[in-house]
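*Asks:*
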Amino acid sequence: MYSSLLSGKDLVVGEPSYEQGPSAAAKMKVKYHRVPLKADGAYDIDAMLAASDSVAAFYIVNPNNPTGTMTPKSEIVRLVKNKPAGSVVIVDEAYHHFSTDDSSIDLVAADQDVIVLRTFSKIYGMAGLRAGFMIARPDLQQKVRLVGTAAGTGTGMGAVAISTAAAATASISDPKLIPERRKINADIRENVLEWMDKNGYSYMKGSQANFFQVDVKRPGREFSALMTKEHIHIGRTWPAMPNYCRITVGTQEEMDKFKVAFKKCYEMAPLPQSAYLHLPDHYSELDFATIA
57 MYSSLLSGKD LVVGEPSYEQ GPSAAAKMKV KYHRVPLKAD GAYDIDAMLA
107 ASDSVAAFYI VNPNNPTGTM TPKSEIVRLV KNKPAGSVVI VDEAYHHFST
157 DDSSIDLVAA DQDVIVLRTF SKIYGMAGLR AGFMIARPDL QQKVRLVGTA
207 AGTGTGMGAV AISTAAAATA SISDPKLIPE RRKINADIRE NVLEWMDKNG
257 YSYMKGSQAN FFQVDVKRPG REFSALMTKE HIHIGRTWPA MPNYCRITVG
307 TQEEMDKFKV AFKKCYEMAP LPQSAYLHLP DHYSELDFAT IA
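Below, the structure written as structure tokens:
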């Protein structure tokens, strides 16, 4: 998708955030600019606008990954109104079903230079079936339609397995699915965060996703290794927040087990630096649910 949109111009992204945009830009040898998030976890719109004089696209993940925090709709509207002519705002709403904030989809209906991305991999639980979609004006759809494994056939991103199409159709036909799963996730997430507050643990406030960022007061890789020994697998660490780990929200039973392991590992003395340097590399790549 990015190859059609960037065309030699720059990409502006948040930091920390989902790495697919910068990764694609790097492979295309296109310059990208990482703009630190604001203290509340929202994207810094003013800094993004000032990042480059030659911008093709701005990439916003909302809720953001890994922080789970939201950028207010009003700020996205401000970015759209003040961006360079011809540039596009890509709003990745992979986790938006977990949120109660406004979507940016109506900006597409208003003929703005906006692409909204959605997926069935998150709240629908269909990650293995690989189904997602974009919402954009026809001219922007045309720019990005011939990408992916089916590009040579002219079908591009529209090619999915029949089983995937059937599962996606069934999922969106159930009006209770999203609100029920959103409530389950929010209730369990808030239960864990209340427990963290009572115990004096630090975490990034404002998550509206099925994960949150916790300050473990030591290198995240080290803490992940300790948790793994307790048979609890937690999310990985982003370079911009090296002492934070991303915690995925599981079932209440899973999160109760997480609490016990977290308290034990948090209270352990930090490993010597020499031991940390020899941790297996895969500890930095753990990015799946809480229980082994």
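As numbered in this note's numbering, residues 57 to 348 make up the sequence shown, in order. Glycine included, every Cβ here is placed at the ideal spot set by N, Cα and C. The model shown is predicted, which means the values in this text are computed figures rather than measured ones.
Would you list the residues sitting across from Val170 in a DSSP beta bridge?
*Replies:* Counted from its first residue, the sequence shown places residue 170 at position 114. Answer by DSSP bridge pairing, in chain order: Val145.
*Asks:* Give the straight-line distance between the Cα atoms of Thr304 and Ala265, rounded to the nearest whole angstrom.
*Replies:* As a working note, residue 304 is residue 248 in the sequence shown. As a working note, residue 265 is residue 209 in the sequence shown. Rounded to whole angstroms, Thr304 to Ala265 spans 9 Å at the Cα level.
*Asks:* Which residue wins for smallest C-alpha separation from Ala150, given the options Ser143, Val144, Ser160?
*Replies:* Indexing the sequence shown from 1 puts residue 150 at position 94. Considering only alpha carbons, the answer is Ser160.
*Asks:* Tell me the residue span of the beta strand (DSSP E) that contains Val117.
*Replies:* As a working mapping, residue 117 is identified with position 61 in the sequence shown. Counting along the chain, the beta strand (DSSP E) containing Val117 begins and ends at 111-117.
*Asks:* Between the stretch 183-192 and the stretch 236-255, are three or more C-beta pairs nearer than 8 Å?
*Replies:* No, because fewer than three Cβ pairs between the stretch 183-192 and the stretch 236-255 fall closer than 8 Å, the two stretches do not touch.
*Asks:* When the Cβ atoms of the stretch 111-119 are set against those of the stretch 68-81, are three or more pairs found closer than 8 Å?
*Replies:* The stretch 111-119, when compared against the stretch 68-81, does touch it at the 8 Å Cβ threshold.
*Asks:* Quick one: give me the first and last residue of the beta strand (DSSP E) that Arg245 is part of.
*Replies:* Against the sequence shown, residue 245 aligns to sequence position 189. Here Arg245 belongs to no beta strand (DSSP E); instead the alpha helix (DSSP H) covers 233-255.
*Asks:* Asp158: which of Gln168, Gly142, Ile132, Phe176 sits nearest, CA to CA?
*Replies:* The residue given as residue 158 occupies position 102 in the sequence shown. Comparing Cα-Cα distances from Asp158 to each of Gln168, Gly142, Ile132, Phe176, the minimum goes to Ile132.
*Asks:* DSSP has His89 in a bridge; who is on the other side?
*Replies:* The residue you call residue 89 lines up with position 33 of the sequence shown. Note: His89 sits in a beta bridge opposite Val68.
*Asks:* Let me confirm a value: Asn120 is counted as buried when at least 16 other C-beta atoms fall within 10 Å, else exposed. Which label applies?
*Replies:* Walking along the sequence shown from the start, residue 120 turns up at place 64. So Asn120 ends up on the buried side.
*Asks:* Using CA coordinates, which residue listed in Phe318, Gln308, Ala226 is at the minimum distance from Leu282?
*Replies:* The count along the sequence shown starts at 1 and reaches residue 282 at position 226. Closest option to Leu282, Cα to Cα, is Phe318.
*Asks:* Give the C-beta separation of Trp294 and Pro122 to the nearest angstrom, bearing in mind that I take them to be a contact with Cβ-Cβ under 8 Å.
*Replies:* Position 238 of the sequence shown, counted from the first residue, corresponds to residue 294. Position 66 of the sequence shown, counted from the first residue, corresponds to residue 122. The Cβ separation is near 6 Å, so the contact holds.
*Asks:* Spell out the partners DSSP gives Phe189 in its beta bridges.
*Replies:* For this step, residue 189 is matched to residue 133 along the sequence shown. Arg174.
*Asks:* Helix, strand or coil for Ala258, going by three-state DSSP, please let me know.
*Replies:* Your numbering for residue 258 matches position 202 in the sequence shown. Note that residue 258 is Ser in the sequence shown here, rather than Ala. Ser258: strand per DSSP, three-state reduction.
*Asks:* According to the neighbour-count rule (16 or more other Cβ atoms, all chains shown, within 10 Å of its Cβ), is Asn255 buried or exposed?
*Replies:* Taking the first residue of the sequence shown as position 1, residue 255 is located at position 199. Counting Cβ neighbours within 10 Å, Asn255 comes out exposed, since fewer than 16 surround it.
*Asks:* Given that a residue counts as buried once 16 or more other Cβ atoms are within 10 Å of its Cβ, and exposed if not, what is His287?
*Replies:* Numbered from 1 along the sequence shown, position 231 holds the residue referred to as residue 287. His287 should be labelled exposed.
*Asks:* Output needed for Ala223: all residues of its chain with C-beta closer than 7 Å, excluding positions within five of it in sequence on either side, in chain order.
*Replies:* The count along the sequence shown starts at 1 and reaches residue 223 at position 167. If we look at Ala223 and ignore the five residues flanking it on each side, its Cβ neighbours are Met182, Leu185.
*Asks:* As a quick exercise: from Asp169, Arg90, His153, pick the residue whose alpha carbon is nearest that of Ile146.
*Replies:* Looking up residue 146 in the sequence shown gives position 90. Comparing Cα-Cα distances from Ile146 to each of Asp169, Arg90, His153, the minimum goes to Asp169.
*Asks:* So for Asp337, helix, strand or coil by DSSP?
*Replies:* For this step, residue 337 is matched to residue 281 along the sequence shown. For Asp337, the pLDDT reaches just 44, beneath the cut-off of 50, and the residue's location in the model is therefore unreliable, although a value from the coordinates is still provided. DSSP places Asp337 in helix when its eight states are reduced to three.
*Asks:* With a threshold of 16 other CB atoms inside 10 Å of the CB of Gln269, please say whether the residue is buried or exposed.
*Replies:* In the sequence shown, the residue the question calls residue 269 occupies position 213. So Gln269 ends up on the buried side.
*Asks:* Taking all protein chains shown into account, do 16 or more other C-beta atoms lie within 10 angstroms of the C-beta of Ser110, making it buried, or fewer, making it exposed?
*Replies:* As a working mapping, residue 110 is identified with position 54 in the sequence shown. Under this definition Ser110 is an exposed residue.
*Asks:* Under DSSP, the alpha helix (DSSP H) around Val305 begins and ends at which residues?
*Replies:* Residue mapping note: residue 305 aligns to position 249 of the sequence shown, counting from 1. Segment: none, Val305 is in no alpha helix (DSSP H) and carries neither H nor E.
*Asks:* Please tell me whether Val136 and Leu196 are closer than 8 Å, where the distance is taken between their beta carbons.
*Replies:* Against the sequence shown, residue 136 aligns to sequence position 80. Against the sequence shown, residue 196 aligns to sequence position 140. Contact: no.
*Asks:* What do you get for Asn138, buried or exposed, if any count of 16 or more other CB atoms within 10 angstroms of its CB means buried?
*Replies:* In the sequence shown, the residue the question calls residue 138 occupies position 82. Exposed: under 16 other Cβ atoms inside 10 Å.
*Asks:* Bridge partners of Gln269, per DSSP?
*Replies:* Your numbering for residue 269 matches position 213 in the sequence shown. In the DSSP output, where bridge partners are listed per residue, Gln269 has Arg302.
*Asks:* Where do the N-terminal and C-terminal ends of the alpha helix (DSSP H) with Asp195 fall, by residue?
*Replies:* On the sequence shown, residue 195 is found 139 positions in, with the first residue counted as 1. Element bounds for Asp195: 194-200.
*Asks:* In whole angstroms, give me the CA-to-CA distance for Asp271 and Thr284.
*Replies:* Locating residue 271 in the sequence shown gives position 215, counting from the first residue. Locating residue 284 in the sequence shown gives position 228, counting from the first residue. Near 17 Å, if we compare the C-alpha coordinates of Thr284 and Asp271.
*Asks:* What separation, rounded to the nearest whole angstrom, lies between the Cα atoms of Arg174 and His153?
*Replies:* Residue mapping note: residue 174 aligns to position 118 of the sequence shown, counting from 1. Residue mapping note: residue 153 aligns to position 97 of the sequence shown, counting from 1. Looking at the two C-alpha atoms, the distance is approximately 9 Å.
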